[in-house]
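Mapping of the sequence shown onto the working numbering: residues 1 to 294, in sequence order.
Structure first, then comments.
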Amino acid sequence: MKIGIIDVGSNTVRLLAAERDAGGLVYPLHEARRQVGLGETIERRGRITDAKLAETARAARDYAKLARRLDCERLEVVVTAPGRQSANADDLLGVLQGAVGVAPRVLSAKSEGRFAYLGAVAAAGALPGLIAVCDVGGGSTEVAFGGRWIEPDWVDSIDLGSLRLSSRFFPDGTGQRSSVRAARAEVRMHLEQIGDATPDVALAAGGSARALRKLVGRTLGRDELQEAIEMLVGRSPAKLARKHAIDLRRVRTLLAGAVILAEVQERLGVPFEVARAGLREGLAGQLLSELQAA
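Shown next as structure tokens:
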């Protein structure tokens, strides 16, 4: 059985085509992404422009055609923060349904955190004790806590992601130490609503974590995240993108992503390991189980 997932987020539109491997884990057959930047438009205007709606629809249409060529038996379209934060979210849902022929669904912040947790934990191998999974998106950040192979015990969310924080404190993608201090204070204020728990293991999911791995490695502890912030402050995003083979639009929000992860890591008290999977894999696992049971 093969499924296709089109994930419309604040930074990117992504496709995951997947099936289960012999061990029962989600196995990606094909992945693709296109930077669209809906969150930047929402942050600046409060709504998505007609041009961005059309660009998003084109990306979704292309990915739907690709998923069908790959013989995906089910195609799911999900919208994360843009569906919750844009004043004209209904217009976004309408153009997506018109482009793909499938009714999209808006994921709540709790659902985002749940799927990220399920995907990250399933791909991580044996883990002890209490597990935390932090998924930094463009428009929001989710932190889920629980044990292995079960639903998370609880999911917390803040309405602040790498793109939103970047537009407020690092509009050119570089920033100075004073703006880093101000951004960290803003994140700390938002994190007051996150549950007070000290996990045994912490996993970091999402595009910011994957990009930071290219800068400082898979472990993102206090020292590594501070090193990443120092590498990003005052540096040209274009030069960093070329040097580390990271998409330029991702680099422009990476300082903000590093700041958010640094503050969450400080609160959790244990270093992050960059997750091998996340939201799309977690959703794929659920869809494949539903297909198998049908």
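Here a beta-carbon is modelled for each residue, glycine too, at the ideal position from N, C-alpha and C.
Everything numeric in this text was worked out from a predicted model, so none of it was measured.
Helix, strand or coil for residue i per DSSP?
i           : result
residue 293 : helix
residue 197 : coil
residue 146 : strand
residue 219 : strand
residue 64  : helix
residue 71  : coil
residue 230 : helix
residue 151 : coil
residue 59  : helix
residue 38  : helix
residue 51  : helix
residue 235 : coil
Residue j and residue i - do their beta-carbons sit closer together than 8 Å?
i           : j           : result
residue 25  : residue 123 : yes
residue 64  : residue 98  : no
residue 237 : residue 173 : yes
residue 139 : residue 221 : no
residue 67  : residue 107 : no
residue 261 : residue 7   : no
residue 135 : residue 112 : yes
Could you please give the first and the last residue of the uninterrupted beta strand (DSSP E) stretch that includes residue i?
i           : result
residue 8   : 3–8
residue 28  : 26–35
residue 133 : 131–136
residue 273 : 272–274
residue 12  : 12–20
For the alpha helix (DSSP H) holding residue i, just list the boundary residues, first then last.
i           : result
residue 115 : 109–122
residue 159 : Neither: residue 159 is in no alpha helix (DSSP H) and is coded neither H nor E.
residue 191 : 177–191
Report the CB separation of residue i from residue j in whole angstroms; it is logged as a contact under 8 Å.
i           : j           : result
residue 264 : residue 79  : Not confirmed; about 24 Å, so no contact.
residue 229 : residue 258 : 5 Å
Shorter than 7 Å, the distance from the beta carbon of residue i to the closest heavy atom of the ligand ZN, or not?
i           : result
residue 117 : The ligand ZN is not part of the structure shown, which contains no ligands of any sort.
Quick check: is the beta carbon of residue i nearer than 8 Å to any beta carbon in chain E?
i           : result
residue 282 : Of the protein chains in the structure, only one exists, and it is not chain E.
Tell me, please, whether the segment 20–37 touches the segment 139–159 by the rule of three or more beta-carbon pairs shorter than 8 Å. Touching, no, given that fewer than three Cβ pairs across the two stretches are closer than 8 Å.
Below 8 Å, how does it come out for the segment 185–200 and the segment 105–121: are there three or more Cβ pairs, yes or no? Contact between the segment 185–200 and the segment 105–121 is absent, with fewer than three C-beta pairs closer than 8 Å.
Is there contact here, the segment 243–263 with the segment 79–89, by at least three beta-carbon pairs under 8 Å? Contact check between the segment 243–263 and the segment 79–89: fewer than three CB pairs, one atom from each, fall below 8 Å, which does not count as touching.
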